[in-house]
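Working notes, structure below.
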Amino acid sequence: MASTLYFSAASLWEITIKRSLGRNDFDFFPEDIHQLALQTGFTELSIAASHSYAIARMPWHHRDPFDRLLIAQAQSIPAYLLTTDAALEHYSELVRRIAVKSG
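For the sequence shown, the residue numbers in the working numbering are 23 to 125.
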C-alpha cells in the first residue's frame, strides 16, 4: 500500500450535516478541517458512484451511512481506515481501530 494519507469528502459532508443540526460536539467548521487536512499533506478523496455500488454489497454490521461510505472508499483504494469505532472492524481487514487519549 502507498503511504498516501487521505481524508474523505464524506467526512466533511458528515461534519456539515451534524453541525447544521446543532450538535455540540461539532463546534468547528468543515472548511477549516478541509484546509488543515490539505495544508498537512492529506489527499482529498472524492465520493464516486463505485463507492455507492460497494455499499450495496456490504453486510449490515453497522447502519451509519457515513461509516459505510468510508469503508467502501478504503476498500476501493485499498487503504487502511483508522477509526475509534469497534463496530467497523467486522467489515474489512483494512479497518484499524485506534485509541484516543483524552485530556
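The C-beta atom is built at its ideal place from N, Cα and C for all residues, glycine as well.
Fully enclosed alpha helix (DSSP H) runs of no fewer than 4 residues occupy 52-61 of the stretch 47-77, in order along the chain. By the neighbour-count definition (other C-beta atoms within 10 Å, threshold 16), residue 115 is an exposed residue. Going by DSSP, residue 91 is part of the alpha helix (DSSP H) stretching over 87-98. Residue 77 and residue 85 have their C-alpha atoms spaced approximately 11 Å apart.
Under the DSSP assignment, residue 25 falls outside any alpha helix (DSSP H); it carries neither an H nor an E label.
Non-local beta-carbon contacts of residue 106 in its own chain, meaning distances under 8 Å to residues more than five positions away in sequence, involve 119, 120, 121 and 122 in chain order.
In the three-state reduction of the DSSP assignment, residue 104 falls in the strand class. In this structure, residue 93 and residue 103 form a Cβ contact; the two beta carbons are roughly 6 Å apart against a cut-off of 8 Å.
Around the beta carbon of residue 36, 16 or more other beta carbons lie within 10 angstroms, which makes this residue buried.
Between residue 69 and residue 32, the alpha-carbon positions lie close to 7 Å from each other. DSSP places residue 41 inside the alpha helix (DSSP H), whose first and last residues are 31-42.
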